[in-house]
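Residue numbers (the numbering used here): 200 to 387.
Here you go:
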């Protein structure tokens with residue numbers, strides 16, 4: 200949204216430099232005022248995406264809200280929804296804003312969000328060389344948590360989590376509304 204104010208200062212973690220982008224004029228400067236880069240360089244073109252995955256646990260509202268927040272902050276997102284999560288989203292009374300509804304059923308696109316098929320092991324996020332900032336599985340079912348903890352890669356969410364952990368990127372597994380079971384905590 201062009202009317203939304205965006206903080207023009209940001210940090211390129213890969214090159215460990217801070218930048219200032221004047222997106223209206225298409226110019227980028229470092230904090231000493233030196234112009235650098237190509238005129239088309241923008242804040243979004245430098246940021247690494249976050250991988251957001253939703254599984255079939257209850258608490259889908261948390262995942263929807265996280266996705267909405269990242270879109271509002273103009274942070275790129277690689278998005279994966281499990282088959283069970285799609286069922287839960289239909290059955291639970293989850294509020295999904297109209298502009299995001301198409302992302303979940305893949306009928307429309309939202310700027311900054313790339314949708315990945317749950318069964319596609321050839322997706323870019325299934326590779327350790329994919330430059331992700333981090334991954335959040337929200338909500339995370341106990342089956343997914345157990346598979347990630349044991350290194351089992353049965354679907355794209357498991358594989359992307361395995362790559363994220365292997366590459367040392369930040370990772371979060373957010374349980375929905377219930378406590379962790381003792382058997383799961385021993386496994387992890």
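For every residue, glycine included, the Cβ atom is placed at its ideal position computed from N, Cα and C.
- Task: Report yes if the C-beta distance between residue 247 and residue 366 is below 8 Å; otherwise report no.
- Result: No; because the gap between Cβ atoms is not below 8 Å, this pair is not in contact.
- Using beta-carbon positions only, say whether residue 287 and residue 326 come within less than 8 Å of one another. Against a cut-off of 8 Å, the Cβ pair of residue 326 and residue 287 comes out as no contact.
- Message: Which same chain residues end up closer than 7 Å to residue 284 when comparing Cβ atoms and leaving out the 5 residues on each side of it in sequence?
- Response: A distance below 7 Å between beta-carbons, with the five flanking residues on each side excluded, links residue 284 to the following residues of its chain, in chain order: 253, 254, 255, 259.
- Item | Local Cβ density within 10 Å of residue 357, reported as buried at 16 or more and exposed below that | Residue 357 counts as buried, since no fewer than 16 other beta carbons sit within 10 angstroms of its beta carbon.
- So what does DSSP say about residue 274, is it helix, strand or coil? In the three-state reduction of the DSSP assignment, residue 274 falls in the coil class.
- Item | Where the beta strand (DSSP E) containing residue 333 begins and where it ends | DSSP places residue 333 inside the beta strand (DSSP E), whose first and last residues are 333-336.
- Query: Do residue 275 and residue 301 have their C-beta atoms within less than 8 Å of each other?
  - Reply: no
- Item | Whole-angstrom distance between residue 324 and residue 318, CA atom to CA atom | Take the alpha-carbon of residue 318 and the one of residue 324: they are about 12 Å apart.
- Message: Helix, strand or coil, according to DSSP, for residue 302 in the structure here?
- Response: Looking at residue 302 - three-state DSSP - the assignment turns out to be helix.
- Message: Can you find the residues in the same chain that come closer than 8 Å, C-beta to C-beta, to residue 353, ignoring five residues on each side of it along the sequence?
- Response: Apart from sequence neighbours up to five positions away, the residues of its chain that approach residue 353 with a beta-carbon distance below 8 Å are 346, ordered along the chain.
- Item | Which of helix, strand or coil DSSP assigns to residue 322 | If DSSP states are grouped into helix, strand and coil, residue 322 belongs with coil.
- Item | residue 360 classed as buried or exposed, judged by whether at least 16 other C-beta atoms fall within 10 angstroms | buried
- Item | Nearest-angstrom Cα separation, counted from residue 322 out to residue 351 | 17 Å
- Message: Between the alpha carbons of residue 363 and residue 264, how many angstroms are there, rounded?
- Response: 22 Å
- How should residue 371 be labelled, buried or exposed, when 16 other C-beta atoms within 10 angstroms of its C-beta is the threshold for buried? exposed
- Task: State the Cα-Cα distance for the pair residue 373 and residue 279, rounded to the nearest angstrom.
- Result: 15 Å
- Task: Just confirm the distance between the C-beta atoms of residue 334 and residue 249, as a whole number of angstroms; I'd bet it's less than 8 Å.
- Result: 7 Å
- So, helix, strand or coil for residue 287, using DSSP? helix
- Message: Using a Cβ-Cβ cutoff of less than 6 Å, which residues in the same chain neighbour residue 204 once the five nearest sequence positions on both sides are dropped?
- Response: Legend: pLDDT at residue 204 = 42, less than 50; position of this residue unreliable, value from coordinates given subsequently. The answer is none, since no qualifying residue turns up.
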